[in-house]
Amino acid sequence: MTRLDQTLARSTHTTFATNKVIKNTYLLLSATLLFSALMALLSMVLAVPLWTYTVSVIVAMLLGIFVLPRTQDSAAGLGVIFAITGLMGFGLGAVLTLYLQLPHGPQTVALALGGTGVIFLGLSGYALSSRRDFSFMGGFIFAGMLVMLVAVLANIFLQLPALQLAIAAGFILLMSGYILFQTSQMVHGGETNYISATYGLYLSIFNIFISLLQILGIFGGDE
Amino acid sequence: MELALQIASAVLVVIMLAVLWPAAKHWMQNSPEAKPGDWQAVGLALALVAGFIALLVYLVRS
Numbered sequence: 001m002t003r004l005d006q007t008l009a010r011s012t013h014t015t016f017a018t019n020k021v022i023k024n025t026y027l028l029l030s031a032t033l034l035f036s037a038l039m040a041l042l043s044m045v046l047a048v049p050l051w052t053y054t055v056s057v058i059v060a061m062l063l064g065i066f067v068l069p070r071t072q073d074s075a076a077g078l079g080v081i082f083a084i085t086g087l088m089g090f091g092l093g094a095v096l097t098l099y100l101q102l103p104h105g106p107q108t109v110a111l112a113l114g115g116t117g118v119i120f121l122g123l124s125g126y127a128l129s130s131r132r133d134f135s136f137m138g139g140f141i142f143a144g145m146l147v148m149l150v151a152v153l154a155n156i157f158l159q160l161p162a163l164q165l166a167i168a169a170g171f172i173l174l175m176s177g178y179i180l181f182q183t184s185q186m187v188h189g190g191e192t193n194y195i196s197a198t199y200g201l202y203l204s205i206f207n208i209f210i211s212l213l214q215i216l217g218i219f220g221g222d223e
Numbered sequence: 001m002e003l004a005l006q007i008a009s010a011v012l013v014v015i016m017l018a019v020l021w022p023a024a025k026h027w028m029q030n031s032p033e034a035k036p037g038d039w040q041a042v043g044l045a046l047a048l049v050a051g052f053i054a055l056l057v058y059l060v061r062s
C-alpha cells in the first residue's frame, strides 16, 4: 500500500467512525427523549406530588456523576442512561401537572415544548452543516456552568424571582452554546462516546425546556 | 420536608461544582484559539435564540 493509500484509508476510517458516533448519538437521544416523555406521562397520570421532581433530578444527577462515567464504555451504560432520562422524565411530569392546571398552562407548555425543539434542531443543524469547530468555546462554556451553579446554589435559599428569571435566561443561552460545542465535538472527533454525547445533549434539552417553561410561566402571568 | 429537599439540592450542586471544576480548569487553560469570525458566528446564533425567546414571550402574553 502506498503512503497516499494509507492516508486515504485512515481518513475514510475516521470519517466512518465520526459518522457512526453522530448516528448512534441521535438515535439514542431520540429513544431517551421518547422514554422520558412516556415516564412524564405516567407521572402525570399518577398525579405525583411536586417534590418528586426535586428527588428525581437529584437521584438522576447522582447517577450521571458517579455511575454513568464508569459504565459508558459498556452496554451497561445504555441501562444507566435510560434510568437517568426515565427518572428526569418522571420528575418532569410533576412540574407539567402543575403548569397544566394554570389558566394559560397548556399554551405555555406547548410553546415551551415547541420552542425547545426549534432551538435544539436549529443549533444542531447549524453545527452539523457549517462544520465549524466550536471547541474554542470550551473554556467559556465550563466557566459559565460554574457561574450558573453558584447562582443556583444561592437561589435555593434566597428564592428571589428576579434571580430565578436570570438563571433561567442564563441556562437557555449556556445550554444553547453547549449544543453547538457538543455537536461540534462529535463532528470533529473530540467526542467518541455516543452515550456521553447523548447525556450532554439530553441535559441541554431538558434544561432549555425547564428554563423556557419558567420564563413563559412568569411572563404569561402564571407564576 | 422542604428544608430537607433544599439541603439535598444544595449538596448536589456543591458535588456538581466539585466534579466540574477539573474539567472547567482543563478547558479554560487548553481551549483552542478561535479563528476569525468564530465568536461572531456564536454571537449570531445566541442572538437568534434570544430573539426567538422574545417572540415566544410575546406569543404567550398576547
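Taken in sequence, the protein lines are chains A and B.
Per our numbering, the very first residue in the first sequence carries number 1; after that it's consecutive.
Per our numbering, the very first residue in the second sequence carries number 1; after that it's consecutive.
Cβ coordinates follow ideal geometry from the N, Cα and C atoms, glycine included.
It should be emphasised that the depicted structure is a prediction, and the values quoted were computed from it without experimental measurement.
* Any 3 or more C-beta pairs closer than 8 Å across the region 41-48 of chain A and the region 16-31 of chain A -> no
- request: Using a Cβ cut-off of 7 Å, pull out every chain B residue sitting near A:Gln107, in sequence order please.
  value: Position 107 of the first sequence, counted from the start, is the residue given in the question as residue 107 of chain A. The contacting residues are Val60.
9 Å Cβ cutoff, A:Ile210 in contact with chain B: Along the first sequence, read from residue 1 onward, the residue named residue 210 of chain A stands at position 210. Not an interface residue.
Next item on the list: Below 8 Å between beta carbons is the criterion; list the residues of the region 58-70 of chain A that meet it against any residue of chain B, in chain order.
Entry: Ile58, Met61, Leu62 and Ile65
Next on the checklist: Check this for me: beta carbons of A:Leu96 and A:Val80, under 9 Å apart or not?
Outcome noted: By one-based count along the first sequence, residue 96 of chain A stands at place 96. By one-based count along the first sequence, residue 80 of chain A stands at place 80. Not in contact: A:Leu96 and A:Val80 (Cβ atoms no closer than 9 Å).
Expressed to the nearest angstrom, what Euclidean distance is found between the alpha-carbon atoms of B:Gly43 and A:Phe206? Here residue 43 of chain B refers to the residue found at position 43 when the second sequence is read from its first residue. Here residue 206 of chain A refers to the residue found at position 206 when the first sequence is read from its first residue. Rounded to the nearest angstrom, the two C-alpha atoms are 22 Å apart.
- Task: Return the chain-ordered ranges of every alpha helix (DSSP H) run that is complete within the region 97-172 of chain A and spans a minimum of 4 residues.
- Result: 105-130 and 138-158
Q. Can you tell which of A:Gln182, A:Gly200, A:Tyr194 and A:Ala143 has its C-alpha closest to the C-alpha of B:Ala18?
A. Mapped onto the second sequence, residue 18 of chain B falls at position 18. Checking every option, the nearest Cα to that of B:Ala18 belongs to A:Ala143.
Q) Looking at chain B, which residues of the region 26-54 of chain A have a Cβ within less than 8 Å of any of its Cβ atoms? A) Trp51 and Thr54
- Go ahead and label A:Gln159 buried or exposed: buried means 16 or more other beta carbons lie within 10 angstroms of its beta carbon, across all protein chains shown. What you label residue 159 of chain A is simply residue 159 of the first sequence in a count that begins at 1. Looking at its Cβ environment, which holds fewer than 16 other Cβ atoms inside 10 Å, A:Gln159 is exposed.
For A:Glu223, name the three-state secondary structure that DSSP assigns.
As a first step, residue 223 of chain A must be located in the first sequence, where it is residue number 223. With a pLDDT of only 47 at A:Glu223, under the threshold of 50, the placement of this residue in the model should not be trusted; the figure read from the coordinates follows. A:Glu223: coil per DSSP, three-state reduction.
Of the residues A:Leu41, A:Gly77, A:Thr116 and A:Ile218, the one placed nearest A:Ala162, counting alpha carbons only: As a working mapping, residue 162 of chain A is identified with position 162 in the first sequence. Selected option, being the one with the closest Cα: A:Ile218.
So, A:Gln72 versus A:Ser196, is the Cβ gap smaller than 9 Å?
Walking along the first sequence from the start, residue 72 of chain A turns up at place 72. Walking along the first sequence from the start, residue 196 of chain A turns up at place 196. Against a cut-off of 9 Å, the Cβ pair of A:Ser196 and A:Gln72 comes out as a contact.
>> Considering only their Cβ atoms, is the gap separating B:Ile15 from A:Ile167 smaller than 9 Å?
In response: Stepping through the first sequence from its first residue, residue 167 of chain A is reached at position 167. Stepping through the second sequence from its first residue, residue 15 of chain B is reached at position 15. No, the pair does not count as a contact, with Cβ atoms beyond the cut-off.
Tell me whether A:Leu50 sits in a helix, a strand or coil according to DSSP, three-state version.
Here residue 50 of chain A refers to the residue found at position 50 of the first sequence. Of the three classes helix, strand and coil, the one that applies to A:Leu50 here is coil, per DSSP.
inquiry  = Helix, strand or coil for A:Val95? Go by DSSP, reduced to three states.
reply    = In the first sequence, counting from the first residue as 1, residue 95 of chain A sits at position 95. A:Val95: helix per DSSP, three-state reduction.
| message | For B:Pro32, would you say it is in contact with chain A, using Cβ-to-Cβ distances shorter than 9 Å as the test? | response | On the second sequence, residue 32 of chain B is found 32 positions in, with the first residue counted as 1. Cβ-Cβ to chain A under 9 Å: yes for B:Pro32.
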